[in-house]
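See below for the structure under consideration.
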Amino acid sequence: MSNVIEKVKPEKNNGNGSWQEEHIDNLVVENKETFLTRINKDFARTTKPVVFDKLRTQLITTAVADDNKNVDNYYNQIKSNDYVTVKGKYLVCRDLFDAKVNLSARDFTSLWETRLKYSYSTVLKYLAIGGDYRLFKMFNLGKLPTSWTTQYAITRFSDEEFARILADKDIHCESSLADIKKSAKLSTKSNENVEQALMNIGALKVEKQKVSKENFKKFENSLKKFMSDYKFITIEFANDFKTKIQNLVEKRDSKSKNSNTLYEKEATALQQSA
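The sequence shown begins at 156 in my numbering and counts up one residue at a time.
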């Protein structure tokens, strides 16, 4: 079986739609009355019309009122809460960058790798966003892009380019990256930086139980030789990846050795007691 996996669309269920769609339909039929009873009990309904407030920083926990159940009110409430979560993610990025500045390298690694369980590539993107204080200006003006990918792209803009999008009254939180790039009047260099930062066609994963220092070194040499024919693709390893592989292998081998030693001691003790 090939180890090159290609994502496919969900399989159709009897030609009537995906299994996910059928699952949702069943939820509606089976839980509609229970849901309505619970939501009316646990969430107060407000009679005030709902507006999409881009400067809002608190979730709307009340439900749409009985006499205001229309598309506009549901849209505004969903968009308001959705945008609050976008701002929350930005604050996660900000706090992560703040932690990197104030913690020791060891403690910071413990934070993102052991406690938060983020991937290294995610941490790099979050740090780029959280460390660019210019985005906080967009946050305060209600212009922070809803897409974290667009936020990440903006970190590659020059100050002059950023000033243009901030001053553009037509740019708002839902503006597309294409519109923002057009407003910024990106230089060729900035545009290349953005495209390089956002172009990602896959990820390299290492099976902890199978890797060894020897076969990873062999893989690295073979990869460099193979990639020499494909200059349009860049594979970038994480910082200190060799040290991480070495530590991983040593930790695994040490655990295995300790396990074997314990087994041998137990076997010896059983023989002596027999």
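All C-beta atoms, glycine included, are put in the ideal place defined by N, C-alpha and C.
Since the structure is predicted, the reported quantities are computational estimates derived from the model, not experimental observations.
Beta-carbon proximity list for R407, same chain, < 6 Å, skipping 5 on both sides:
Stepping through the sequence shown from its first residue, residue 407 is reached at position 252. Around R407: no qualifying Cβ.
Inspect the CB distances between the stretch 253 to 270 and the stretch 223 to 237 and report whether three or more fall short of 8 Å.
no
Supposed close pair N258, L282 - CB separation, criterion 8 Å:
Position 103 of the sequence shown, counted from the first residue, corresponds to residue 258. Position 127 of the sequence shown, counted from the first residue, corresponds to residue 282. Just to set this straight, residue 258 is Leu in the shown sequence, not Asn. L258 to L282, Cβ: 13 Å. No contact.
Taking the continuous alpha helix (DSSP H) assigned at W130, which residues delimit it?
In the structure as shown, the chain begins at 156 and stops at 429. Residue 130 is therefore absent and cannot be evaluated.
Would you say the stretch 360 to 368 touches the stretch 331 to 339, given that touching needs at least three Cβ pairs under 8 Å?
no
Please look up how many angstroms separate the CB atoms of L445 and I309, rounded, as I've assumed it's under 8 Å.
The question about residue 445 has no answer, for the chain in this structure spans 156 to 429.
So the alpha helix (DSSP H) L251 belongs to, where does it begin and stop?
For the purposes of this step, residue 251 is taken as residue 96 along the sequence shown, with counting starting at 1. Per DSSP, L251 belongs to the alpha helix (DSSP H) from 226 to 257.
What alpha helix (DSSP H) runs, 4 residues minimum, are completely inside the stretch 265 to 302?
275 to 285, 289 to 296
In angstroms with no decimal places, state the Cα-to-Cα distance between F294 and D323.
Counting from 1 along the sequence shown, the entry for residue 294 is found at position 139. Counting from 1 along the sequence shown, the entry for residue 323 is found at position 168. Answer to the nearest angstrom: the Cα atoms are 15 Å apart.
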